[in-house]
Structures are given as structure tokens and as C-alpha cells.
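Trainee: Residues in the sequence shown are numbered from 6 upward in steps of one, following the working numbering. First the structure, which I've put down as C-alpha cells, then a few questions once you've had a look.
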Amino acid sequence: MKNPTETWNNIRRHCRKEWKLAFFSTFLLGLLIHMPIMLRDIPNHDGLASMYFDQNMITSGRWFLTVACGISSYYTLPWLIGLLAMLYLGIAAAMLVEFLEVRLGWAAVLVGGLLAAFPSLASTFAYVFTMDGYMLAVLLAVLAVLLTKKYRLGFLPGALCLACSLGIYQSYLPFAVLLCLYGIYMIGTSEDILRNKVKKGFSYVWMGGLGVASYYVILQALLRLQGRELASYQGISGMGSAPQGGLFETVLHMYRDFFAFTLKGKVFMNNPFAWGAMLTLGVCVLAVLLALCGKKKWWKSLWFYLIIAVTLAGLPVAMNLILVISPDVTYHLLMRYQWVLLPICMVTAVSKHSGRMPWASWLGLACGLVLIFNYGVMDQIAYSNLEKKYEKTYAYCIRLLDRIEQTPGYYQGIPIAMIGVVGDESYPSTDLTGDVTAGMIGMGGDSLLYTGANYQAFIQNYLGATLNILPPEAMEDIYYSETYREMESFPGADSIRIMDGVMYIKTENRE
6 MKNPTETWNN
16 IRRHCRKEWK
26 LAFFSTFLLG
36 LLIHMPIMLR
46 DIPNHDGLAS
56 MYFDQNMITS
66 GRWFLTVACG
76 ISSYYTLPWL
86 IGLLAMLYLG
96 IAAAMLVEFL
106 EVRLGWAAVL
116 VGGLLAAFPS
126 LASTFAYVFT
136 MDGYMLAVLL
146 AVLAVLLTKK
156 YRLGFLPGAL
166 CLACSLGIYQ
176 SYLPFAVLLC
186 LYGIYMIGTS
196 EDILRNKVKK
206 GFSYVWMGGL
216 GVASYYVILQ
226 ALLRLQGREL
236 ASYQGISGMG
246 SAPQGGLFET
256 VLHMYRDFFA
266 FTLKGKVFMN
276 NPFAWGAMLT
286 LGVCVLAVLL
296 ALCGKKKWWK
306 SLWFYLIIAV
316 TLAGLPVAMN
326 LILVISPDVT
336 YHLLMRYQWV
346 LLPICMVTAV
356 SKHSGRMPWA
366 SWLGLACGLV
376 LIFNYGVMDQ
386 IAYSNLEKKY
396 EKTYAYCIRL
406 LDRIEQTPGY
416 YQGIPIAMIG
426 VVGDESYPST
436 DLTGDVTAGM
446 IGMGGDSLLY
456 TGANYQAFIQ
466 NYLGATLNIL
476 PPEAMEDIYY
486 SETYREMESF
496 PGADSIRIMD
506 GVMYIKTENR
516 E
């Protein structure tokens, strides 16, 4: 048995240069870009109730999340969670460049930089209490396809990795599927005989099929052991059932969503710089493809045109496979991390032919850097507004709590009836980031408060006071009552009343 020093030296000798570059570019850029949220406790609306959360979300299909997040404890510790997340993502980046066969240092750096800067990652950091678990899911998704590619029976451990990735967060399935499609494309363009190509291509199919099946079987077994059922949240209870609108309507929805988000989502290409970089990358990839067609005579083969057609037609479906798992899902930006693979694969394609087309390499490098910087700036804008949301919420709750405690008749534990939304007639919008953060859930807006439970959690965790706020079902009759309608919204003089032993607080006007 080797001692630790010998083992470490052996690992260093076998680590390729591009693995190291991808890892450190991801880890270091990740720390630099996301430092604002890692060094402060800045919750979003969901984070208010997750200061300590055991992450047992099996009713949402996430049976492995409690294990993945347990490594950092179940407390919201942004710095520790962020470090682990960047460590996992850095390892995933190193495995990704190996899977994509990236052999140039500048391309490996761009792969890591794009992974670290893409705005979907910033949106995930808004839910920092699950951040490390989600990045472990990305690592497992990449490991699944890498094992399948590298080893004859690699699809077996790959299936287990995919099942665990889905058990953390199902939204990373498209990430794995896109890499499988890229792997099949590389097999198809290799010089291997047809029999081996088919055999290797189907290994990805076996891995995906076994992985999804294993995930579902484990999920059902654990649900029965715990005596629980899938929740209706995000349509997860419909997992495994046929889409209600039919297969054709589901596929059509996938296409609509793909083009809407890609072209008009204000995230993937959110300004002229990003548009220019992506279009230039597209031109470079097209030039590379045409050069290969001429050299390898692909234009004479019917298979070439068939592969191109299937790729273009299947891309929107592969990107939006989550709509098959959960047809009624409301897409959040943190569910769209797979979009980062588009510029990554484009940079990879250009880098592989840098010797023949040096001009394309320079353009690819420039475009990748522009995208990384652009995405990084977008992340900073989002974090800046999230911090301002917290500060405005803190100031608002200080004033509200003081008024509550000064109201005659108030006592500790008095039932409080309130809706929770901050009224914009008294507190007009001051968020200047709408054009940037509109698609970044949890980042836009002026307040962290949307429900009575948000008030209760914020005031308890950040102001040290406990309020007995009634649940939403107890508010239905009160909300539509004439008495409530006649009250002023906070901070009006008549915004707080005590009637029949209940404190009424009106935070918004409602016509």
C-alpha cells in the first residue's frame, strides 16, 4: 500500500494539464464571481424558512438530496456550502473536458469559466441551502456519461450515478442527455467500424434507461417505506404518467419554450455583446463543419444529412426533457443549466480544429471570454439587487414590528391575520434591474416577502421576535371581508386593528 505522499504524486502525474486548467478556472472564477453571496447571509423568499432544513424532499422525488446536502450539515452556511459547490463543479469541469476530448489549454479554461459564470448558477446560489447538493448532482451527471464512454461496462456504474443525480434534482437529466448525444455524435464521426459504433452508441442508451429506471424504482420503494406520496408541487405527482395534453402538444411546448428562452429569455443572450459572441461562435462552428465536409467527403453521404436533421430537430426536445418528467413544471432559471453546454460544445468544436483554422480559434477564444465576462456582470447585478431586497425587507420589518408591538391590546402570541405582499401604493418599486433579472427567479423585485409565513420567518430569524401569524386557509374569509377592505395599507394609521381577539394587518390595498 502506498503512503499518502506517493499516492498524491501518482495522482499529479496522471492529471492532464487541461483537467487542472478546467478545475482551477471553475473553482477560482466561481469564488470570484459568487463571492458576494458566499460571504453574506442573504436569503431569498424560500431561504427564509430554510435556516435549518434536513432536505428530506422525497415527496418531490429528491430521495438523495438529504444525503448530498448532509455533508455540509443542514444549516445554511453560505461560505462552506459555496466552497463545496465550487469543488464539485470544478471536478465536474475536469471530467467534462475529458469527455469532450478538449486538448487545448485555452479551451479548457473557457469550459470552466462558462460553467462558473452562467447565470443559472447565480440563480441556484439564491437557493444556497441546496447549492452544494445540486452541484454534486451535476458532477454525478457528468461522471455517468464519462464512465459510459471510458469503460466497456461503464454504463452500469454510470446508471447508478445518473440515478443518484436525479435523486438530488431531476432537472439535471437534460445535462446528461445532451452529453450523451454529443458522445454519440463523436462515435458517429470516428473511424471505427459500424458494428463497434452501434455497440458504443447503445451503451449511452442503456446507461440512460437503467439510470432513469433505477431512480424511479428507488423512489417508489422509499415512498412506500416512509408511507408518503409524491406532492403536487411543480406537477411532480404526474411523474411517470402520460402528458395530459398528449405527446404532440408536449413536444410542441418543448419547441416553443426552447426558442422563447434562447432568443427572448434575456439570459442566454441578454445584450448585443452576448448576441454577437454567440453568432460569431456559430459562424466559426459552421466554417469548421464545412471544412470537415470537404475533407472527409461527408457531403456525399445521406447519413450526414440525416444526422444534421435529427440533431437540429432533437435539440429542443433534449434540452427540455424535464417537461416529460413533470409536464406542469414552472421553469425556473436554476433548471436551465444545460443551456451552458451550447457555447461549451461550440468552443470545443472550434478548438479541435485550431491547427487548420487559427482565425476560428482566436474568434472562439474572444467570444468565450466575452460570454464569461457578460455572464459574470449579469450575476453581479443580480446579487446587488438581492442584497438591496434584503436591506429593504429588513427596514420594512423593523417598522412593522415596532408598530405591532406599540398597538394597544397587543400581547405575545396574539393571532395575527395578514396576507404578506408589500403594497406598491405605499412602497413604489425601486428595483432598477428588471431588464437583467426578469428571468432570474428570486433575484428581481424589491422585497423578500410574499406570504405571511415569509414575515414570520424573517422577523423570527433576523429580528428575534415571534409572531403568531394565521395560516393562509384562515385568511380566506378575512381577506374578502368589508372590514379588511376598508382598512388602509401599511404604514397607514388604520393599517393595524385588533378585533375579536385577532390583530388584522393590511399590507396592500386590494380593489
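A virtual CB, placed ideally from N, CA and C, is assigned to each residue, including glycine.
Could you give the distance in angstroms between the alpha-carbon of Ile-409 and the alpha-carbon of Tyr-399?
Mentor: Numbered from 1 along the sequence shown, position 404 holds the residue referred to as residue 409. Numbered from 1 along the sequence shown, position 394 holds the residue referred to as residue 399. Straight-line Cα distance between these residues: approximately 15 Å.
Trainee: How long is the line joining the alpha carbons of Pro-413 and Arg-261, rounded to whole angstroms?
Mentor: Here residue 413 refers to the residue found at position 408 of the sequence shown. Here residue 261 refers to the residue found at position 256 of the sequence shown. Between Pro-413 and Arg-261, the C-alpha separation is close to 56 Å.
Trainee: If we call anything under 9 Å between Cβ atoms a contact, is Phe-273 one with Leu-347?
Mentor: The residue labelled residue 273 in the question sits at position 268 within the sequence shown. The residue labelled residue 347 in the question sits at position 342 within the sequence shown. Yes. Within cutoff.
Trainee: Within its chain, find whatever has a CB closer than 8 Å to the CB of Tyr-93; leave out the 5 residues flanking it on each side and keep chain order.
Mentor: Position 88 of the sequence shown holds residue 93. Taken in chain order, the residues that qualify are Asp-137, Met-140, Leu-141, Val-143 and Leu-144.
Trainee: Please report the distance separating the alpha-carbon of Ser-208 from that of Tyr-401.
Mentor: Locating residue 208 in the sequence shown gives position 203, counting from the first residue. Locating residue 401 in the sequence shown gives position 396, counting from the first residue. For Ser-208 and Tyr-401, the distance between alpha carbons rounds to 57 Å.
Trainee: How long is the line joining the alpha carbons of Trp-13 and Val-72, rounded to whole angstroms?
Mentor: The residue labelled residue 13 in the question sits at position 8 within the sequence shown. The residue labelled residue 72 in the question sits at position 67 within the sequence shown. Roughly 28 Å separates the two Cα atoms.
Trainee: Could you tell me the alpha carbon to alpha carbon distance between Met-324 and Leu-161, rounded to whole angstroms?
Mentor: Working through the sequence shown from its first residue, we reach residue 324 at position 319. Working through the sequence shown from its first residue, we reach residue 161 at position 156. Their Cα atoms are separated by approximately 24 Å.
Trainee: Three or more C-beta pairs under 8 Å: does that hold for the segment 302 to 315 against the segment 161 to 172?
Mentor: no
Trainee: Only counting the same chain, and skipping five residues up and downstream in sequence, which positions put a Cβ closer than 7 Å to that of Phe-130?
Mentor: Taking the sequence shown and counting its residues from 1, one reaches residue 130 at position 125. Answer for Phe-130: His-39, Ile-42 and Met-136, listed in chain order.
Trainee: Considering only the alpha carbon of each residue, which of Leu-37, Leu-115, Tyr-342 and Tyr-460 lies closest to Cys-372?
Mentor: Here residue 372 refers to the residue found at position 367 when the sequence shown is read from its first residue. Per the Cα distances, Leu-115.
Trainee: In terms of DSSP beta bridges, what is Asn-473 paired with?
Mentor: Translated into the one-based positions of the sequence shown, residue 473 becomes position 468. Answer by DSSP bridge pairing, in chain order: Pro-420.
Trainee: Who are Ile-503's beta bridge partners in DSSP?
Mentor: Stepping through the sequence shown from its first residue, residue 503 is reached at position 498. Met-508, per the DSSP bridge assignment.
Trainee: Would you kindly work out how many angstroms separate the C-alpha atoms of Leu-184 and Pro-124, rounded to a whole number?
Mentor: To locate residue 184, count along the sequence shown from 1; it is residue 179. To locate residue 124, count along the sequence shown from 1; it is residue 119. The alpha-carbon atoms of Leu-184 and Pro-124 are separated by roughly 20 Å.
Trainee: Do Pro-179 and Leu-326 have their beta-carbon atoms positioned less than 9 Å apart in this structure?
Mentor: Against the sequence shown, residue 326 aligns to sequence position 321. Against the sequence shown, residue 179 aligns to sequence position 174. Yes.
Trainee: From the DSSP secondary-structure annotation, give me the bridge partner or partners of Arg-67.
Mentor: Position 62 of the sequence shown, counted from the start, is the residue given in the question as residue 67. Its beta-bridge partners are Met-62.
Trainee: For the alpha helix (DSSP H) that Phe-253 lies in, which residues bound it at each end?
Mentor: Here residue 253 is taken as the residue at index 248 of the sequence shown, counted from 1. Phe-253 -> alpha helix (DSSP H) spans 252 to 269.
Trainee: Would you mind reading off the limits of the alpha helix (DSSP H) that contains Ala-522?
Mentor: Given that the chain is displayed from residue 6 to residue 516, the structure contains no residue 522 and the question cannot be resolved.
Trainee: Please list, in chain order, all residues of the same chain as Cys-289 whose beta carbon is under 6 Å from its beta carbon, the five residues on each side excluded.
Mentor: Within the sequence shown, residue 289 is the residue found at index 284, counting from 1. Once the five neighbours on either side are set aside, the close Cβ partners of Cys-289 are Val-355, Ala-365, Leu-368 and Gly-369.
Trainee: Return the CA-CA distance between Tyr-460 and Tyr-485, expressed in angstroms with no decimal places.
Mentor: Here residue 460 corresponds to residue number 455 of the sequence shown, with the count starting at 1. Here residue 485 corresponds to residue number 480 of the sequence shown, with the count starting at 1. Using only the alpha carbons, I get a separation of about 21 Å.
Trainee: Report buried or exposed for Trp-68, applying the criterion of at least 16 other Cβ atoms within 10 angstroms of its Cβ.
Mentor: On the sequence shown, residue 68 is found 63 positions in, with the first residue counted as 1. Around the CB of Trp-68, 16 or more other CB atoms lie within 10 Å, so the residue is classed as buried.
Trainee: Start and end of the alpha helix (DSSP H) containing Asp-137?
Mentor: For this step, residue 137 is matched to residue 132 along the sequence shown. Unbroken alpha helix (DSSP H) run through Asp-137: 136 to 155.
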